[in-house]
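Taking it in order: structure first as structure tokens, then the write-up.
In my numbering, the protein residues as written are 2 to 120.
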């Protein structure tokens, strides 16, 4: 029987297949340092692993991790989108502020040069 499953550092992405939660004979599993996301499958073997077995997979949630899986994943997405929009608005304001600050000295210099040329 397979007693250890080490899939760490393989650049795996997506969700952990729920069927892995049904395995009863694996003593050790390691999914760390991948790009996995979603809930960790329910099952005594997989949830009895140390949280270090799931390290560096920021999208994972559920036991044994401290991050709980809420049904509100969309809320996090919306919050992120709102933050992105706020950053864009701030960038636009900063751009217009910079343009206004540059405009005034440009007009003053232009008028000064025009006065010198016409005098």
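Even glycine gets a Cβ: it sits at the ideal position worked out from N, Cα and C. The model shown is predicted, which means the values in this text are computed figures rather than measured ones.
Check your understanding: Alpha carbon to alpha carbon, what distance is there between residue 55 and residue 24?
Key -> Here residue 24 is taken as the residue at index 23 of the chain shown, counted from 1. Here residue 55 is taken as the residue at index 54 of the chain shown, counted from 1. Straight-line Cα distance between these residues: approximately 17 angstroms.
**Study point:** Presumed contact (8 angstroms Cβ cut-off) between residue 12 and residue 35, rounded CB distance
**Key:** In the chain shown, counting from the first residue as 1, residue 12 sits at position 11. In the chain shown, counting from the first residue as 1, residue 35 sits at position 34. Right, the Cβ-Cβ distance comes to about 6 angstroms (below 8 angstroms), so this counts as a contact.
**Study point:** Anticipated Cβ contact below 8 angstroms, residue 22 with residue 39, distance rounded
**Key:** In the chain shown, counting from the first residue as 1, residue 22 sits at position 21. In the chain shown, counting from the first residue as 1, residue 39 sits at position 38. Not a contact, Cβ separation roughly 12 angstroms.
Point to revise | Given residue 16 as reference, the closest of 58, 7, 92 once Cα atoms are compared | key: Position 15 of the chain shown holds residue 16. Per the Cα distances, 58.
Practice item. Consult DSSP for residue 62 and reduce its assignment to one of helix, strand or coil. Key: As a first step, residue 62 is located in the chain shown; it is residue number 61 there, counting from the start. Residue 62: strand per DSSP, three-state reduction.
Check your understanding: Buried or exposed: residue 53, going by 16 or more other Cβ atoms within 10 Å of its Cβ?
Key -> Looking up residue 53 in the chain shown gives position 52. It counts as exposed.
Point to revise | residue 80 versus residue 62: straight-line alpha-carbon distance, rounded | key: As a first step, residue 80 must be located in the chain shown, where it is residue number 79. As a first step, residue 62 must be located in the chain shown, where it is residue number 61. When rounded, the distance between both Cα atoms is 18 angstroms.
Check your understanding: Apart from the five residues on each side of it in sequence, which residues of its chain come closer than 8 angstroms, Cβ to Cβ, to residue 18?
Key -> For the purposes of this step, residue 18 is taken as the residue at position 17 of the chain shown. If we look at residue 18 and ignore the five residues flanking it on each side, its Cβ neighbours are 42.
Review point. CB of residue 44 to nearest heavy atom of the ligand HEM: below 7 angstroms?
Key: The ligand HEM is not part of this structure, which contains no ligands at all.
Exercise for review: Measure the alpha-carbon distance for residue 60 versus residue 50 and round it to whole angstroms.
Suggested key: The residue given as residue 60 occupies position 59 in the chain shown. The residue given as residue 50 occupies position 49 in the chain shown. If I take the Cα positions, the gap works out to 18 angstroms.
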